[in-house]
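Undergrad: For the sequence shown, our numbering gives the first residue as 69, with consecutive numbering after it. Cβ coordinates follow ideal geometry from the N, Cα and C atoms, glycine included. Below are the C-alpha cells for one structure; questions will follow.
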Amino acid sequence: MAILKSQINHWQLWNGRFVVHSIVQFFLQFKKVYFDVFNTLAYLTLMFLLLSISKVKEVVKITPVSYLLLFIFLWFYLPEIGKSVLWGSGSGNYLWTSVIYLTYFKCIISIANREISNLKGIGIMILGFLAGACNENSSPAILLMAFLYLIIHYPYKSKGTIFGLGSLFTGGLGFLLMIKSQGSQKRGGMALNFDVLKNNFRLILDSLIQNYWLIYILIIILLIILVIKKVQLSIETVSLLSILVIGHFASTFALVLSPETPKRTFFGAVLFIGIVLFSLINILNQRIRKSVFVISLLLMILFVQSYLSVNNDLTKSFKEVSNQYSILYDAPKNSDVMLPLLSTPKTDYNAYQLTSNVKTDPNDWFNRWMAVYFEKKTITGY
69 MAILKSQINH
79 WQLWNGRFVV
89 HSIVQFFLQF
99 KKVYFDVFNT
109 LAYLTLMFLL
119 LSISKVKEVV
129 KITPVSYLLL
139 FIFLWFYLPE
149 IGKSVLWGSG
159 SGNYLWTSVI
169 YLTYFKCIIS
179 IANREISNLK
189 GIGIMILGFL
199 AGACNENSSP
209 AILLMAFLYL
219 IIHYPYKSKG
229 TIFGLGSLFT
239 GGLGFLLMIK
249 SQGSQKRGGM
259 ALNFDVLKNN
269 FRLILDSLIQ
279 NYWLIYILII
289 ILLIILVIKK
299 VQLSIETVSL
309 LSILVIGHFA
319 STFALVLSPE
329 TPKRTFFGAV
339 LFIGIVLFSL
349 INILNQRIRK
359 SVFVISLLLM
369 ILFVQSYLSV
379 NNDLTKSFKE
389 VSNQYSILYD
399 APKNSDVMLP
409 LLSTPKTDYN
419 AYQLTSNVKT
429 DPNDWFNRWM
439 AVYFEKKTIT
449 GY
C-alpha cells in the first residue's frame, strides 16, 4: 500500500510512469545485491525474448553462436548502458520495461488466430495495460506493432485474436493514464509548431543515421545474401519483420513530440531493429555456419578490448563512490562533511556520466538531499 500511495503522489507531481517507478521503488527497499541479481536475470530474459521472437518460421533452432552475437550486439548498440541497464532507476525505465512490452508482443504473436483460455486472455489484457504504460515512445510503438500483427491474422473470431484486440484497448488505457498524469503535463509542456517539429525530426533522423547506419547496411547485405542463396521467406516472416521495422521508426519519430531526446530513449528502437537483424542472421546461420562462427570470433576480440576499457572506468568510479560512502558513514551526525568529487567518467557504460552527484556548493540540491538522508549538517565537495 505504501508503494501505491507513493505512486499516486509521483503521478501527480513528477510523471506517469507508475509501472517503472513501482519496480524501482520496490527494489530500493532492499540491499543493492538483490537488485543486481534480479537485474541480471532481467537482462538474460531480454536476450531470450529477442532471440525467441527472432526465431521465425525459417529458423530450425537458435544456436549458441546467436546468443554470443546478440550479447555483443547489445553491448555495442544499447544506448547509454550505464544509465539504461546498470543504474537502478534507468534500468527500471528501460531494461525492465522492455521485458514487459516484448513479453506482451511475444504473447500477441503466440495467440493470434488461436483458441486460448479465458484466464490466459485476461492475463494478456492485463499485460497489455502494463505494456501501454511503460514509457512514452516504446509503448505506443509496441501497441501499433501488436495492432498490425493482429489485423493481418484472420479470423477475428478466434479467442486469441479477440483477447488480443482487447489488450490493445487496455494498453491504450495504460498509455493515456501515463501521459495524462498531472506531473507529466507540468514537466513535459512544450510549445509545438511546425519549426519545432521539423527541427526535432531532423535531429532524430541524424541520430538514427549516425548511430545505426551499420545495422541498416547489415540488414540490406543479409537480404541480398538471402536472394543470392535463393532463400524464400514466408509471408508471415516478411510481415513480422516489416512490422518490427515500422515499430523501430515509430518509437523514434514519436520523440518529435518530446522536449528532450537523450540517447537512452532509443532503447526500444534498438531492440526492434535488432530482432530484424537476428531473424536474418538465424536464417543464414543454418546455411553459412563457418562464416558466422569466424565473424563471431573476430567480434569477440573487439568486445574484449572494449570491455577492458569500460571495466577500468567502472572500477575507478566504484572505488571513488565507495570512498564517499565510507566517509559519510564514519562522520558524526549533524557534522559538516567534506567529500572528494568523482572524476569524470569516460564512457556511456558508466552510470555516473552526466548524472547528478556531490558538488562543491553545499547548497546544491544533491548535496542538501544527501545531507538529509545521511543526517549530516552539510556536505561539501572538494
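Do you know offhand how far SER207's Cα is from GLY160's?
TA: Against the sequence shown, residue 207 aligns to sequence position 139. Against the sequence shown, residue 160 aligns to sequence position 92. Between SER207 and GLY160, the C-alpha separation is close to 14 Å.
Undergrad: Classify LYS225 as buried or exposed, calling it buried when 16 or more other Cβ atoms lie within 10 Å of its own Cβ.
TA: Reading the sequence shown from its first residue, position 157 is the one you call residue 225. The C-beta of LYS225 has fewer than 16 other C-beta atoms within 10 Å across all chains shown, which makes the residue exposed.
Undergrad: What is the DSSP secondary structure of LEU471, counted as helix, strand or coil?
TA: In the structure as shown, the chain begins at 69 and stops at 450. Residue 471 is therefore absent and cannot be evaluated.
Undergrad: What separation, rounded to the nearest whole angstrom, lies between the Cα atoms of PHE434 and TYR441?
TA: To locate residue 434, count along the sequence shown from 1; it is residue 366. To locate residue 441, count along the sequence shown from 1; it is residue 373. The alpha-carbon atoms of PHE434 and TYR441 are separated by roughly 10 Å.
Undergrad: Starting from ASP404, trace the beta strand (DSSP E) both ways and give me its first and last residue.
TA: Start at 1 with the first residue of the sequence shown, and residue 404 comes out as number 336. Unbroken beta strand (DSSP E) run through ASP404: 404 to 407.
Undergrad: Considering only residues of the same chain and omitting the five flanking positions on each side of SER319, which have a CB-CB separation below 7 Å?
TA: Counted from its first residue, the sequence shown places residue 319 at position 251. ASN205, SER206, ALA209, GLY336, ALA337 and PHE340, listed in sequence order.
Undergrad: Does the segment 136 to 155 touch the segment 183 to 190, meaning 3 or more C-beta pairs lie closer than 8 Å?
TA: no
Undergrad: Note down the Cα distance separating MET406 from ASN431, rounded to an integer number of angstroms.
TA: Position 338 of the sequence shown, counting from 1, holds the residue named residue 406. Position 363 of the sequence shown, counting from 1, holds the residue named residue 431. Straight-line Cα distance between these residues: approximately 13 Å.
Undergrad: So, using beta-carbon positions, are LYS445 and ASN379 closer together than 7 Å?
TA: Counting from 1 along the sequence shown, the entry for residue 445 is found at position 377. Counting from 1 along the sequence shown, the entry for residue 379 is found at position 311. Contact: no.
Undergrad: Under 6 Å Cβ to Cβ from TYR450, same chain only, skipping five residues before and after it: list those, please.
TA: Indexing the sequence shown from 1 puts residue 450 at position 382. So the qualifying residues of the chain are MET406.
Undergrad: Determine the DSSP secondary structure at ILE220, reduced to helix, strand or coil.
TA: The residue given as residue 220 occupies position 152 in the sequence shown. In the structure shown, ILE220 sits in coil (DSSP, three-state: anything other than H, G, I, E or B).
Undergrad: Tell me which residues share the same chain as THR415 and place their Cβ nearer than 6 Å to its Cβ, disregarding the 5 neighbours each side in the sequence.
TA: Your numbering for residue 415 matches position 347 in the sequence shown. The residues are VAL378 and ASP381.
Undergrad: What residue range is occupied by the uninterrupted beta strand (DSSP E) comprising THR446?
TA: Here residue 446 refers to the residue found at position 378 when the sequence shown is read from its first residue. For THR446, the enclosing beta strand (DSSP E) stretches over residues 446 to 449.
Undergrad: Assuming contact is defined by CB atoms lying nearer than 7 Å, are SER307 and ILE220 in contact in what I supplied?
TA: Numbered from 1 along the sequence shown, position 239 holds the residue referred to as residue 307. Numbered from 1 along the sequence shown, position 152 holds the residue referred to as residue 220. Contact check for SER307 against ILE220 passes: the beta carbons are separated by less than 7 Å.
Undergrad: Specify, as a first and last residue, the run of the alpha helix (DSSP H) that ARG270 falls within.
TA: Translated into positions along the sequence shown, residue 270 becomes position 202. Element bounds for ARG270: 262 to 296.
Undergrad: Measuring straight from C-alpha to C-alpha, what distance separates GLY240 and HIS316?
TA: Here the question's residue 240 lines up with position 172 in the sequence shown. Here the question's residue 316 lines up with position 248 in the sequence shown. Whole-angstrom Cα-Cα distance: 19 Å.
Undergrad: Would you mind reading off the limits of the alpha helix (DSSP H) that contains THR329?
TA: On the sequence shown, residue 329 is found 261 positions in, with the first residue counted as 1. Going by DSSP, THR329 is part of no alpha helix (DSSP H) at all; its letter is neither H nor E.
Undergrad: Check whether the Cβ atoms of ILE272 and TRP164 lie closer than 7 Å to each other.
TA: Within the sequence shown, numbered from 1, the residue matching residue 272 stands at position 204. Within the sequence shown, numbered from 1, the residue matching residue 164 stands at position 96. Against a cut-off of 7 Å, the Cβ pair of TRP164 and ILE272 comes out as no contact.
Undergrad: At which residue ranges does the segment 105 to 148 contain complete alpha helix (DSSP H) runs of 4 or more residues, listed in the order of the chain?
TA: 132 to 145
Undergrad: Could you work out which residue in SER74, VAL362 and VAL105 is closest to GLN93 when comparing CA atoms only?
TA: Along the sequence shown, read from residue 1 onward, the residue named residue 93 stands at position 25. Selected option, being the one with the closest Cα: SER74.
Undergrad: Within the same chain, show all residues whose beta-carbon is closer than 7 Å to that of ILE343, passing over the 5 residues directly before and after it, in chain order.
TA: On the sequence shown, position 275 is the one that residue 343 refers to. Hits under 7 Å: LEU118, ILE121, SER122 and LEU312.
Undergrad: For SER411 and LYS387, which I take to be in contact (beta-carbon distance under 8 Å), what is that distance rounded to the nearest angstrom?
TA: Residue numbering aside, residue 411 sits at position 343 when the sequence shown is read from its first letter. Residue numbering aside, residue 387 sits at position 319 when the sequence shown is read from its first letter. That belief does not hold up - the Cβ atoms of SER411 and LYS387 are roughly 10 Å apart, past 8 Å.
Undergrad: Go ahead and pull the three-state DSSP assignment for PRO208.
TA: Locating residue 208 in the sequence shown gives position 140, where the first residue counts as 1. In the structure shown, PRO208 sits in a helix (DSSP, three-state: H, G or I).
Undergrad: Please tell me whether ALA201 and TYR169 are closer than 7 Å, where the distance is taken between their beta carbons.
TA: Residue numbering aside, residue 201 sits at position 133 when the sequence shown is read from its first letter. Residue numbering aside, residue 169 sits at position 101 when the sequence shown is read from its first letter. Contact: no.
Undergrad: On the three-state DSSP scale, how would you describe SER178?
TA: The residue you call residue 178 lines up with position 110 of the sequence shown. In this structure, SER178 counts as helix in the three-state DSSP scheme.
Undergrad: CB GLY242 to CB PHE197, shorter than 7 Å?
TA: Here residue 242 refers to the residue found at position 174 when the sequence shown is read from its first residue. Here residue 197 refers to the residue found at position 129 when the sequence shown is read from its first residue. For GLY242 and PHE197, yes; Cβs fall inside 7 Å.
Undergrad: Looking only at C-alpha atoms, which of LYS99, GLY232, LEU216 and LEU137 sits nearest to SER183?
TA: By 1-based counting over the sequence shown, the position of residue 183 is 115. A small fix is needed here, since residue 183 is Glu in this sequence, not Ser. Among LYS99, GLY232, LEU216 and LEU137, the Cα nearest to that of GLU183 belongs to GLY232.
Undergrad: CA-CA distance, SER152 and LEU422?
TA: The residue labelled residue 152 in the question sits at position 84 within the sequence shown. The residue labelled residue 422 in the question sits at position 354 within the sequence shown. Spanning the two alpha carbons is a distance of roughly 13 Å.
Undergrad: Ordered along the chain, which non-local residues of its own chain (more than five positions away) have a Cβ less than 8 Å from that of ILE287?
TA: As a working note, residue 287 is residue 219 in the sequence shown. Contacts found: ILE341, VAL344, LEU345 and LEU348.
Undergrad: Could you check if PRO330 is buried or exposed, using at least 16 other CB atoms within 10 Å of its CB as the buried criterion?
TA: The count along the sequence shown starts at 1 and reaches residue 330 at position 262. Classification for PRO330: exposed.
Undergrad: Which whole-angstrom value is the C-beta distance of PHE103 and PHE95, which I expect to be below 8 Å?
TA: As a first step, residue 103 must be located in the sequence shown, where it is residue number 35. As a first step, residue 95 must be located in the sequence shown, where it is residue number 27. 4 Å between Cβ atoms; contact.
Undergrad: Should LEU409 go down as buried or exposed, given a rule of 16 or more other Cβ atoms within 10 Å for buried?
TA: For this step, residue 409 is matched to residue 341 along the sequence shown. By the neighbour-count rule (16 or more Cβ atoms within 10 Å), LEU409 is not buried but exposed.
Undergrad: Does DSSP classify GLY234 as helix, strand or coil?
TA: Position 166 of the sequence shown, counted from the start, is the residue given in the question as residue 234. In this structure, GLY234 counts as helix in the three-state DSSP scheme.
Undergrad: Say yes only if the C-beta of SER178 is nearer than 6 Å to one or more non-hydrogen atoms of the ligand ADP, and no if none qualify.
TA: As for the ligand ADP, it is missing from this structure, which has no ligand bound.
Undergrad: Is there a C-beta anywhere in chain D that falls below 7 Å from the one on ASP429?
TA: The question asks about chain D, but that chain is absent: this structure has only one protein chain.
Undergrad: Identify whether SER90 lies in helix, strand or coil by the three-state DSSP scheme.
TA: By 1-based counting over the sequence shown, the position of residue 90 is 22. In the structure shown, SER90 sits in a helix (DSSP, three-state: H, G or I).
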